[in-house]
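Worksheet: the structure to be examined is printed underneath.
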Amino acid sequence: MNTDWRSDDGLLSAQSGAHPGRFITLEGGEGAGKTTQLRRLVAWLQEQGVDPLVTREPGGTAAAERMRGLLLDSANVGLSIDAELLLVFAARADHLARCIEPALAAGRWVVCDRFTDATYAYQGGGRGLERSRIEVLERFVQRGLQPDLTLLLDLPVAQGLARARQRSSPDRFEAEDLAFFERVRTAYREIAERSADRVCLIRADQTEEAVAAEVKACVARRLLAGVLSR
Ligand code: TMP
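FYI, in my numbering the residues of the sequence shown are 136 to 365.
This is the structure we're talking about:
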């Protein structure tokens with residue numbers, strides 16, 4: 136087993152929630168390299184003997200993937216912000232009940248591409264929705280469940296958009312303007328400051344290797360040692 140993550144910095148105790156599994160989320164603006172880093176993280180966890188459930192939001196169940204289709208479809212011009220918020224949380228409710236919670240209850244690790252921080256960043260920051268409206272739905276749908284660790288890949292907006300827009304025709308979010316994504320980034324960075332015990336902010340304007348090394352270091356320091364020492 137690879138033990139090069141061991142450290143003696145005093146942060147080695149697992150920070151589990153009420154469930155026996157571990158819940159890791161990946162966040163970041165468009166083009167921050169989440170997909171690549173998620174793939175690398177999962178491969179590395181498997182090397183450590185952890186076989187995580189890998190999933191995403193919006194989505195993760197058949198019904199939630201259909202809601203994702205509605206949210207991302209650029210034909211839905213002018214979808215009301217409230218409808219957008221409710222769709223995000225409707226998808227999350229199904230995803231939690233039928234995928235994430237059963238896996239965590241069974242002691243499984245879950246690695247999820249985006250979660251509720253994205254709602255605070257996109258609907259809160261980007262769209263300007265009041266925080267309190269998101270908080271109400273968060274409490275209702277999650278009943279206290281929070282990720283054990285969130286990896287936030289942070290990249291200057293122009294750089295991320297240039298990468299994302301090379302890939303395919305823009306979806307309903309990708310078609311937003313620079314100012315929208317600046318607000319998204321600011322909101323994400325505020326979350327990282329406010330929730331420093333849960334969120335690791337990682338600079339994504341480094342090589343893929345360097346970002347992957349930071350991701351591993353965060354997971355090892357915050358979660359892995361506690362699991363292996365049980
Ligand atoms: P993706 O690009 O990571 O696949 O995510 C799909 C889009 O959905 C992305 O532009 C961000 C957006 N989104 C929200 O607006 N609110 C949310 O709560 C989530 C999870 C995603």
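We put the CB at the ideal spot given by N, CA and C, even for glycine. Since the structure is predicted, the reported quantities are computational estimates derived from the model, not experimental observations.
Residue i classed as buried or exposed, judged by whether at least 16 other C-beta atoms fall within 10 angstroms
| i | result |
| --- | --- |
| Q181 | exposed |
| A331 | exposed |
| D143 | Its pLDDT being 28, under 50, D143 is placed unreliably by the model, and the measurement read from it follows with that caveat. D143 is exposed by the Cβ-count criterion. |
| G145 | Only weak support is given to the placement of G145: the predicted model assigns it a pLDDT of 24, under 50, and the question is left unresolved by the model. |
| F224 | buried |
| I216 | exposed |
| F275 | exposed |
| E273 | buried |
| S364 | With a pLDDT of 48 at S364, under the threshold of 50, the modelled position of this residue cannot be trusted; read the value that follows with caution. The residue in question, S364, is exposed, as its Cβ has fewer than 16 Cβ neighbours within 10 Å. |
| E349 | buried |
| A178 | exposed |
Chain-order list of residues whose beta-carbon lies under 8 Å from that of residue i (same chain, five-residue window excluded)
| i | result |
| --- | --- |
| R310 | Per the sequence presented here, residue 310 reads as Ala, with Arg not at that position. Hits under 8 Å: S209. |
| E219 | L206, Q258, R262 |
| T321 | G260 |
Reduced DSSP secondary structure (H/G/I, E/B, other) of residue i
| i | result |
| --- | --- |
| G263 | coil |
| E366 | Limits of the chain in this structure are 136 at one end and 365 at the other, which puts residue 366 out of reach. |
| D248 | strand |
| T190 | strand |
| V212 | coil |
| L231 | helix |
| T254 | helix |
| T321 | helix |
| T129 | Lying outside 136 to 365, the shown extent of the chain, residue 129 is not represented and no answer is given. |
| V334 | strand |
| L284 | strand |
| Q277 | helix |
| D217 | helix |
| R203 | helix |
| G166 | coil |
| Q294 | helix |
| D139 | Any reading at D139 must be qualified, since the residue scores a pLDDT of 32, below 50, and its modelled position is unreliable; the value itself is stated next. Three-state result, D139: coil. |
| A372 | Residue 372 is absent from the structure shown; the chain starts at 136 and stops at 365. |
Own chain residues within Cβ distance below 7 Å of residue i, not counting five before or after
| i | result |
| --- | --- |
| R233 | T196 |
| D340 | L290, P291, Q294 |
| Q172 | L161, L288, V346, A347, V350 |
| K169 | L161, G163, D248, L288 |
Boundaries (first-last residue) of the beta strand (DSSP E) holding residue i
| i | result |
| --- | --- |
| L290 | Taken as a continuous stretch (DSSP letters only), L290 belongs to no beta strand (DSSP E), as it is neither H nor E. |
| R357 | R357 -> no beta strand (DSSP E), and no H or E assigned at all. |
Where the alpha helix (DSSP H) through residue i begins and ends
| i | result |
| --- | --- |
| E311 | That residue, E311, is in no alpha helix (DSSP H); it is neither H nor E in DSSP. |
| T196 | Taken as a continuous stretch (DSSP letters only), T196 belongs to no alpha helix (DSSP H), as it is neither H nor E. |
| T171 | 169-182 |
| P155 | Neither: P155 is in no alpha helix (DSSP H) and is coded neither H nor E. |
| P305 | Taken as a continuous stretch (DSSP letters only), P305 belongs to no alpha helix (DSSP H), as it is neither H nor E. |
| A240 | 236-240 |
Close-in-space but distant-in-sequence residues of the same chain around residue i (CB under 6 Å, 5 per side omitted)
| i | result |
| --- | --- |
| T254 | V223, I269 |
| L336 | L287, D289, A327 |
| L231 | none |
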